[in-house]
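S.K.: Going by the working numbering, the residue at position 67 of the sequence shown is 51; the numbering climbs one at a time, nothing skipped.
Backbone N, C-alpha and C define an ideal beta-carbon position, used for all residues, glycine too.
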Amino acid sequence: MHFDTHAPISETSLSSYFKQRLAHFAENLRPPPHDDTCWYLGSLLDRFGRSDQLFSYDQGEVSLRPLALLYGDALEASNERERCLILRQLGDMALFLGALFPERFARRGIGKDYFIGMGGGAYDYLADNASQNRHIFAELARSFANMLDLVASACARRQAVTATDILVLYQRWRQTRDPIAASQLRALGIDLSGTDSIQ
-15 MHFDTHAPIS
-5 ETSLSSYFKQ
5 RLAHFAENLR
15 PPPHDDTCWY
25 LGSLLDRFGR
35 SDQLFSYDQG
45 EVSLRPLALL
55 YGDALEASNE
65 RERCLILRQL
75 GDMALFLGAL
85 FPERFARRGI
95 GKDYFIGMGG
105 GAYDYLADNA
115 SQNRHIFAEL
125 ARSFANMLDL
135 VASACARRQA
145 VTATDILVLY
155 QRWRQTRDPI
165 AASQLRALGI
175 DLSGTDSIQ
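Structure below.
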């Protein structure tokens, strides 16, 4: 499937647009995520594209509720339904923030492992206790690190790439076998098949 990142958005909704982007990048994952999971992630990106769904209003201020406080809210929930709703918000926010703003949090000493722990743990609980979509939550919990990379790839803006950029990216991929680098190279039209035998 060829995906033109310069094509205008012709989808009827933002979630459909993101679902198409996610499906494109998901082709590089083994095994690829379930189609339901891509739809869920597309809806998540659409929902958090609206600030009222991401930010909370507390004591006259609009801010992001810290993931640790959401976790505390879930522990103090008065019933299972409320706990599941809070944990879904926790998992979704961990995935969204960890995928799209890792540098911002890294400057404050919050790394990828934090998002994996918080989000993966929330989704793991939902996989056993949610009233619906348990198979989606199970896959998100099991593959949270891959889902972070998938969402980051689907939301990345394509910029002009020079030959030097491609060579640096290729060298990084050769040294680390980073799946994100591989995905970026394939998106640039670089065929990586048969490169395992090149020394």
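#1: I think Pro132 touches Ala83, with their Cβ atoms under 8 Å apart; what is that distance to the nearest whole Å?
#2: Quick one: what's got a C-beta closer than 6 Å to Cys164's C-beta in the same chain, skipping five residues either side?
#3: Quick test of your reading: Met77 and Leu51, contact by CB under 8 Å. State the CB separation rounded to the nearest angstrom.
#4: Assign Ala61 to one of three DSSP states: helix, strand, or coil.
#5: Is DSSP giving Asn232 helix, strand or coil here?
#6: From what residue to what residue does the alpha helix (DSSP H) around Asp175 run?
#7: For Glu64, which residues from the same chain have a beta carbon less than 7 Å from its beta carbon, with the 5 sequence-adjacent residues on both sides left out?
#8: Between the stretch 149 to 159 and the stretch 101 to 108, can you find at least three pairs of beta-carbon atoms closer than 8 Å?
#9: Would you report the Cα separation of Arg62 and Tyr154, rounded to the nearest angstrom?
#10: Could you have a look at Pro86 and say whether DSSP puts it in helix, strand or coil?
#11: Between the alpha carbons of His119 and Asp108, how many angstroms are there, rounded?
#12: Decide if Val135 is buried, meaning its Cβ has at least 16 other Cβ atoms within 10 Å, or exposed.
#13: Assuming contact is defined by CB atoms lying nearer than 7 Å, are Leu54 and Leu74 in contact in what I supplied?
#14: Let me know if Gln116 comes out buried or exposed under the rule of 16 or more other beta-carbons within 10 Å of its beta-carbon.
M.R.: On the basis of the supplied data:
#1: Pro is not the amino acid found at residue 132; the sequence shown has Leu there. Between Ala83 and Leu132 the Cβ distance is about 5 Å, and since that is below 8 Å, they are a contact.
#2: Checking the sequence shown, residue 164 turns out to be Ile, not Cys. Excluding sequence neighbours, Ile164 sits near Asp133.
#3: Between Leu51 and Met77 the Cβ distance is about 6 Å, and since that is below 8 Å, they are a contact.
#4: In the structure shown, Ala61 adopts coil according to DSSP, grouped into three states.
#5: Only positions -15 to 183 of the chain appear in the structure, and residue 232 is not among them; the question remains open.
#6: Here Asp175 belongs to no alpha helix (DSSP H), and DSSP marks it neither H nor E.
#7: In its chain, beyond the 5 residues on either side, Asn113 have a beta carbon closer than 7 Å to the beta carbon of Glu64.
#8: These segments do not touch.
#9: Arg is not the amino acid found at residue 62; the sequence shown has Ser there. Ser62 and Tyr154 have their C-alpha atoms roughly 52 Å apart.
#10: Look at Pro86 here: in three-state DSSP terms it is helix.
#11: Spanning the alpha carbons of His119 and Asp108 requires a straight line of approximately 10 Å.
#12: The residue is buried, with at least 16 neighbouring Cβ atoms inside 10 Å.
#13: Yes. Within cutoff.
#14: Exposed, since its Cβ has fewer than 16 Cβ neighbours within 10 Å.
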